[in-house]
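**Student:**
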Amino acid sequence: MTELPARRLLLVHAHPDDESINNGATMAKYAAEGAQVTLVTCTLGERGEVIPPELRHLSGAALGQHRMRELTEAMRALGVDDVRLLGGPGRFADSGMMGLPDNDDPACFWQADVDTAAALLVEVIREVRPQVLVTYDPDGGYGHPDHIQAHRVAMRAADLAAEAGCPLAKVYWNRVPRSIAEASFARLHEDLPGLPFAKPAALDDVPGVVDDTRITTEIDGTAYAAAKAAAMRAHATQIEVAEPYFALSNELAQPLFTTEYYELVRGERGPGDRETDLFAGVAAATEGKAP
Ligand SMILES: [Zn+2]
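Using the numbering used here, read the sequence shown as starting at 1 and increasing by one per residue.
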């Protein structure tokens, strides 16, 4: 068996771009430190809206192909070399925004059987043996069906992996503390006249905002701010970046966070007030070898 890096991090996301927006700095930091960083993306995002006018002709499978290339470029920016599409590229179709007829497409991820999809993720877990899993909260951060489903599949896979003898030491959900979001939006309102965006998003548009008391962990990604911004820019069909802000296809400006926040929902919390390392307290991380 080939030797795996001592620290192994798995992130489960819905579409290409979600990983860079939510965890770009975290991924770059752990990759730079020699940890195994594995990204599993569940769909190609082929129902996403395209921002640049010159690329708006892309839709369906062609957009999916294009977004896979964007994802590859983003991972290059983050220094991450292990990216997988759940079940292979195109196995699960993008479900579109909540409430659209796209949600009823039998091929879409929202319609997928959770156990079937989770079994595919367990295969990855058995191979990579991550100690730490990062995914969305039960609302998927903001209610997109693919994000909700990614949460369900990831949590179910965590259970199935434990039953299969590959338990995850820790599971985290992506979060943003309310105080940080509020302060960032206050700054955004001041900075707006100098930005290429006409309007600010609302605080409610930011996925995963919760009261500060629920934050267990913060990863200072300041040193990886440029890598995160580059990764987000690589998703040019979806994101427009003007540091330290960005906008999605709705063209509403929102803060680009380079410190990333998490809520530990399974596993034992490391020492201290707030963890500053996702692997805090994980024994195997210091042993230098996979089991
Ligand atoms: Zn998404």
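We put the CB at the ideal spot given by N, CA and C, even for glycine. All of these numbers come straight from a predicted model, not from anything done at the bench.
Within the stretch 41-83, note down every full alpha helix (DSSP H) run reaching 4 residues or more, in order along the chain.
**Tutor:** 60-78
**Student:** Can you list the residues near ligand 1, meaning Cβ strictly closer than 5 Å to any non-hydrogen atom, in the order they appear in the chain?
**Tutor:** The filter returns Ala14, His15, Asp18, in chain order.
**Student:** If you drop the 5 nearest sequence neighbours on each side, which residues of the same chain put their C-beta closer than 7 Å to that of Glu70?
**Tutor:** Pro16, Ala234, His235, Ala236, Thr237
**Student:** For Gly281 and Glu268, which I take to be in contact (beta-carbon distance under 8 Å), what is that distance rounded to the nearest angstrom?
**Tutor:** The beta-carbon distance between Gly281 and Glu268, rounded to whole angstroms, is 6 Å. This is short enough to meet the 8 Å contact definition.
**Student:** Output yes or no for whether 8 Å exceeds the beta carbon distance between Pro145 and Ser95.
**Tutor:** Contact flag set, yes.
**Student:** Note down, one range per segment and in chain order, each alpha helix (DSSP H) of at least 4 residues found wholly within the stretch 139-201.
**Tutor:** 145-163, 178-191
**Student:** Just the Cα atoms here: how many angstroms apart are Leu120 and Gly64?
**Tutor:** 20 Å
**Student:** Using a threshold of 8 Å, state whether the C-beta atoms of Leu133 and Val83 are closer than that.
**Tutor:** no
**Student:** Note the first and the last residue of the continuous beta strand (DSSP E) segment covering Thr135.
**Tutor:** 132-135
**Student:** Provide the residue(s) that pair with Ile219 in DSSP beta bridges, ordered along the chain.
**Tutor:** Glu260
**Student:** For a test of the three-state rule: what should DSSP assign to Val124, helix, strand or coil?
**Tutor:** helix
**Student:** Which residue comes first and which comes last in the beta strand (DSSP E) that contains Tyr30?
**Tutor:** Careful: Tyr30 lies outside any beta strand (DSSP E), inside the alpha helix (DSSP H) at 18-32.
**Student:** So, Ala93 versus Cys108, is the Cβ gap smaller than 8 Å?
**Tutor:** yes
**Student:** Are the CB atoms of Ile125 and Ala161 within a distance shorter than 8 Å?
**Tutor:** yes
**Student:** For Gly210, which residues does DSSP report across the bridge?
**Tutor:** The question names Gly, yet the displayed sequence has Val at residue 210. Pro177, per the DSSP bridge assignment.
**Student:** Could you tell me whether the stretch 32-51 touches the stretch 246-256, where touching means 3 or more Cβ pairs closer than 8 Å?
**Tutor:** Yes: the two stretches touch, three or more of their Cβ pairs being nearer than 8 Å.
**Student:** Using DSSP's beta-bridge definition, name the partner residues of Gln254.
**Tutor:** Phe246
**Student:** My output table needs one value for Thr237: the three-state DSSP class, helix, strand or coil.
**Tutor:** coil
**Student:** Just the Cα atoms here: how many angstroms apart are Thr213 and Leu264?
**Tutor:** One C-alpha to the other measures close to 12 Å.
**Student:** For Gly165, which of Ala202, Phe197, Glu123 has the nearest alpha-carbon?
**Tutor:** Glu123
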